[in-house]
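Participant: Residue numbering for the sequence shown follows our numbering, beginning at 135 and increasing consecutively.
Ideal Cβ positions, reconstructed from N, Cα and C, are used throughout, including at glycine.
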Amino acid sequence: MSHPPQPPPLPSLSKPEEQFQAGTDLPPFVVKRGDRYNRDLEFEFPKSNPKSGSVSLRVIINQYLGTPHASRAHAGKIFNILGRLRCLQYALRRYNYGLVERTPDFLKYWRRHTLHLLSGFGINSVHNQGAVHIAGLDDLIVQIEDIYQNDIQEYETLIRQGMTNFQGLLELFRPDVPVKASSLAGGTPCVFRVTDAFFSERRNAFGSSSKDFHVTLETVVAVGDHFSVATFTEVFSGWVGTQPRALSDLTYQPVVDTEQDTLLARAEKAVRFGTGGAKYLAYAPSTFILHPARTRNKSTMSQSTHSSTSLSGGRIMVDMARSASLGHHPCQGVDGATLAIIQLSSRYRHWMSNSDRSGSVDDDSLYLWDDVPKELLITCWPALVGFSFSAKAWGHVLVDGLSEINFQNQAFDRLVLSHERKQLIRAVVRCGTSLDVQAQDLISTKQGGLIFLLHGPPGVGKTLTAEAVAELLHRPLYYVTMGELGVTPDDLETRLSDILAICAEWDALAVLDEADVFLETRRTSDLVRNAMVCVMLRMLEYHPGILFLTTNRVRSLDPAFESRITLSIRYESLDRDAREQIWKNQLNDHSRVDTQTINYGELANQQLNGRQIKNVVRLALSLAMDQKIMVTQKVLQETVKVTALGLEDMKADNTWESFTHEM
Numbered sequence: 135m136s137h138p139p140q141p142p143p144l145p146s147l148s149k150p151e152e153q154f155q156a157g158t159d160l161p162p163f164v165v166k167r168g169d170r171y172n173r174d175l176e177f178e179f180p181k182s183n184p185k186s187g188s189v190s191l192r193v194i195i196n197q198y199l200g201t202p203h204a205s206r207a208h209a210g211k212i213f214n215i216l217g218r219l220r221c222l223q224y225a226l227r228r229y230n231y232g233l234v235e236r237t238p239d240f241l242k243y244w245r246r247h248t249l250h251l252l253s254g255f256g257i258n259s260v261h262n263q264g265a266v267h268i269a270g271l272d273d274l275i276v277q278i279e280d281i282y283q284n285d286i287q288e289y290e291t292l293i294r295q296g297m298t299n300f301q302g303l304l305e306l307f308r309p310d311v312p313v314k315a316s317s318l319a320g321g322t323p324c325v326f327r328v329t330d331a332f333f334s335e336r337r338n339a340f341g342s343s344s345k346d347f348h349v350t351l352e353t354v355v356a357v358g359d360h361f362s363v364a365t366f367t368e369v370f371s372g373w374v375g376t377q378p379r380a381l382s383d384l385t386y387q388p389v390v391d392t393e394q395d396t397l398l399a400r401a402e403k404a405v406r407f408g409t410g411g412a413k414y415l416a417y418a419p420s421t422f423i424l425h426p427a428r429t430r431n432k433s434t435m436s437q438s439t440h441s442s443t444s445l446s447g448g449r450i451m452v453d454m455a456r457s458a459s460l461g462h463h464p465c466q467g468v469d470g471a472t473l474a475i476i477q478l479s480s481r482y483r484h485w486m487s488n489s490d491r492s493g494s495v496d497d498d499s500l501y502l503w504d505d506v507p508k509e510l511l512i513t514c515w516p517a518l519v520g521f522s523f524s525a526k527a528w529g530h531v532l533v534d535g536l537s538e539i540n541f542q543n544q545a546f547d548r549l550v551l552s553h554e555r556k557q558l559i560r561a562v563v564r565c566g567t568s569l570d571v572q573a574q575d576l577i578s579t580k581q582g583g584l585i586f587l588l589h590g591p592p593g594v595g596k597t598l599t600a601e602a603v604a605e606l607l608h609r610p611l612y613y614v615t616m617g618e619l620g621v622t623p624d625d626l627e628t629r630l631s632d633i634l635a636i637c638a639e640w641d642a643l644a645v646l647d648e649a650d651v652f653l654e655t656r657r658t659s660d661l662v663r664n665a666m667v668c669v670m671l672r673m674l675e676y677h678p679g680i681l682f683l684t685t686n687r688v689r690s691l692d693p694a695f696e697s698r699i700t701l702s703i704r705y706e707s708l709d710r711d712a713r714e715q716i717w718k719n720q721l722n723d724h725s726r727v728d729t730q731t732i733n734y735g736e737l738a739n740q741q742l743n744g745r746q747i748k749n750v751v752r753l754a755l756s757l758a759m760d761q762k763i764m765v766t767q768k769v770l771q772e773t774v775k776v777t778a779l780g781l782e783d784m785k786a787d788n789t790w791e792s793f794t795h796e797m
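1. Start and end of the beta strand (DSSP E) containing residue 517?
2. Quick one: give me the first and last residue of the beta strand (DSSP E) that residue 534 is part of.
3. On the criterion of 16 or more Cβ atoms from any shown chain inside 10 Å, does residue 148 qualify as buried, or is it exposed?
4. Could you say which of 592, 609 and 487 lies nearest to residue 542 if we only look at CA atoms?
5. Can you tell me whether DSSP reads residue 768 as helix, strand or coil?
6. Go ahead and pull the three-state DSSP assignment for residue 640.
7. If we count the other Cβ atoms within 10 Å of its Cβ and call it buried at 16 or more, is residue 622 buried or exposed?
8. If I'm right that residue 425 touches residue 477 with Cβ under 8 Å, what's the distance once you round it to whole angstroms?
9. With residue 451 and residue 412 assumed to form a contact (beta carbons below 8 Å), what rounded beta-carbon distance in angstroms separates them?
10. Using DSSP with H/G/I as helix, E/B as strand and the rest coil, what is residue 741?
11. Would you mind sorting residue 445 into buried or exposed? The rule is 16 or more other CB atoms within 10 Å of its CB.
12. At the 9 Å Cβ level, is residue 558 part of the contact set with chain C, yes or no?
13. Please report the distance separating the alpha-carbon of residue 703 from that of residue 561.
14. Mapping DSSP to helix, strand and coil, what is residue 649?
15. When the Cβ atoms of the stretch 591-604 are set against those of the stretch 656-665, are three or more pairs found closer than 8 Å?
16. So, at 7 Å on beta carbons, what are the nonlocal neighbours of residue 208 in its own chain, with the 5 sequence-adjacent residues on each side left out?
17. Only counting runs of 4 or more residues, tell me where the alpha helix (DSSP H) segments fall wholly within the stretch 260-298, in order along the chain.
18. Would you decide whether residue 576 is buried or exposed? Buried here means 16 or more other CB atoms lie within 10 Å of its CB.
19. So residue 346 is in the beta strand (DSSP E); what residue range does that whole segment cover?
20. Judging by CA-CA distance, which residue of 556, 215 and 392 is the nearest neighbour of residue 595?
21. Please state whether DSSP places residue 605 in a helix, a strand or coil.
22. In the DSSP assignment, find the alpha helix (DSSP H) that holds residue 392 and state where it starts and stops.
23. Which residues bound the beta strand (DSSP E) around residue 501?
24. Where does residue 538 land, buried or exposed, given buried means 16+ other C-beta within 10 angstroms?
25. Assuming residue 266 contacts residue 189 under a Cβ cut-off of 8 Å, what Cβ separation, rounded to an integer in Å, is found between them?
26. Measure the alpha-carbon distance for residue 333 versus residue 302 and round it to whole angstroms.
27. Considering only their Cβ atoms, is the gap separating residue 296 from residue 381 smaller than 9 Å?
28. State the Cα-Cα distance for the pair residue 298 and residue 275, rounded to the nearest angstrom.
29. Sort out for me which residues DSSP pairs residue 207 with in a bridge.
30. Can you tell me where the alpha helix (DSSP H) holding residue 471 begins and where it ends?
31. Can you give me the Cβ contacts of residue 755 inside the same chain, cut-off strictly under 7 Å, excluding the 5 residues immediately before and after it?
32. Measuring straight from C-alpha to C-alpha, what distance separates residue 360 and residue 287?
33. From residue 397 to residue 530, what does the alpha carbon distance come to, in whole angstroms?
34. Distance, Cα to Cα, residue 540 vs residue 325?
35. Return the bridge partner residues of residue 330 from the DSSP annotation.
36. So, under 8 Å CB-CB, residue 229 and residue 245 are touching, yes? Tell me the CB distance rounded to an integer number of Å.
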């Protein structure tokens, strides 16, 4: 641990009442009893009339000790507030240095923070423009540290050994040493800055006294389009017994030098991904925590009913602005940090709702930055909020698990479609999503959107086409099944409008699978169905983005949808050549496949669709990994045989028919 530079020590004192600061008419403090190594020392703080830009040390000591009219204080009492004095000293040094150098950190943080701190001592934060001095503060800290030198050295030694006693918390929580705590899932360390620390004494009903340790911590959090500071206070009760505890048993530990680079790199990543608008990113397994549903209708935009960690990876749209407006936070729980972040988010939403928010921020404690002050960078909260397209829910994601997406640019070229069809699809999605006026004129939908109707039997590549187009355009893909949209016109309109709204905002493609459920021809005998079809017609007509509708029953669609369709593509059952190409696509990318033994023509003779071929390859790879062998032609043939046998058993199973017959 590193400590802030201290002023040079004063010469040793031979008389107990010798002044600790010389050269002034009225010293900030004097010693009245005992000797400098006696714990019975008492300090007297004479009354003074501080000049402009200075604060009386007596006022500060009295306020910190809660003795507004006292003129003396015992050394032990001052030792209890040594942490507060250090934090005040640290802030003053940053303030006075920044006042001269006009550093970015001063302009963004230290000026407001220090003046807000000093406002309780009579410094007017509006009128004060110069340096602030507290005569005797540095000297008092030096002398208290000198009096308790042996104790402080013991505390520091224990901390270096990975332990501490209760009094040692004074050295653990210093303003110049960031501390860490695991406040998020997976034991992710969160870093905090100490802004206040002190001991308090209290007596219980039986007259015995005990001590508590109070520490105020700050962390930088992304809120909306800005960064701000969340502040909270922890209180630790005195321990029973005198044995030191391991730091690993405590909630907070100091950040050691070897961790600095890693934590700073994570913070820089949080700033990069948390600012500049929505970011489409990938997240690793077990790094996305779903939030409970917040909307009254529990739409598909937030299906989770409780917090849970997604065990699989996926893709996410990190959008701090939209998440803030919806009331989502980058944390879940009831710890001090989480509650402070929730409170900060609430204040930010209140500020956003203020029509005068373009002006100054009225709340002195609400900092709003476009980027983070350098000194506070390491304390950036290690999670951001986003919408997972895999989980179809809002949640927070650990910054350590985020990365740029490695788009599969070759996926579109590997589609098992004719070259002419792929050329047409590529041209339509590229021209239809550009800003070129002539290209827009080619497309005749209401808002310039594109609607593709993909129809054909299962497993022939309808959904894969939408996925490949999304990869080609480097855009998100929102996959919606009709079961997620409800069974009433109101549910359908609410849920689908939510989905299409975020797709439009994030430039995401949408896939409505089995769309014939809500696109069937209207009948006079079914008014509810007719109303739902009308809702779908209106929603599709006004959607400005790219939308894919997939169906196996194209003949049942209402004729009114025909004019809404930009391009309709029919998918035939796979022929032998198509099946062979799919086998190659599935097998050629795996290092565990022995391609020299594979007879693609023989595999293509099996009457399987694309989804079934994919499942066979997945099963074969799992079998090979378990047995630590390569995937060969023999392994694939055995897997196909087992899969085909299972399909035959499914078709031959008449259990349900027998059950209903018996009933």
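Facilitator: Answer, in terms of the structure:
1. 517-522
2. Careful: residue 534 lies outside any beta strand (DSSP E) and carries neither H nor E.
3. Note that residue 148 scores 34 on pLDDT, short of 50, meaning its location in the model is unreliable; the coordinates nonetheless yield the value given after this. Burial call: exposed.
4. 609
5. helix
6. helix
7. exposed
8. Rounded, the Cβ-Cβ distance is 17 Å, inconsistent with contact.
9. 5 Å
10. coil
11. exposed
12. In the structure shown, chain C cannot be found, because there is only a single protein chain.
13. 15 Å
14. coil
15. no
16. 176
17. 271-281 and 283-294
18. Residue placement at residue 576 cannot be trusted, given a pLDDT of 45 that sits under 50; the coordinates are not used to answer.
19. 343-357
20. 556
21. helix
22. 391-408
23. It is not in any beta strand (DSSP E) - residue 501 carries neither H nor E in the DSSP assignment.
24. exposed
25. 7 Å
26. 11 Å
27. yes
28. 22 Å
29. 177
30. 470-487
31. 724, 726 and 765
32. 42 Å
33. 19 Å
34. 30 Å
35. 350
36. 7 Å
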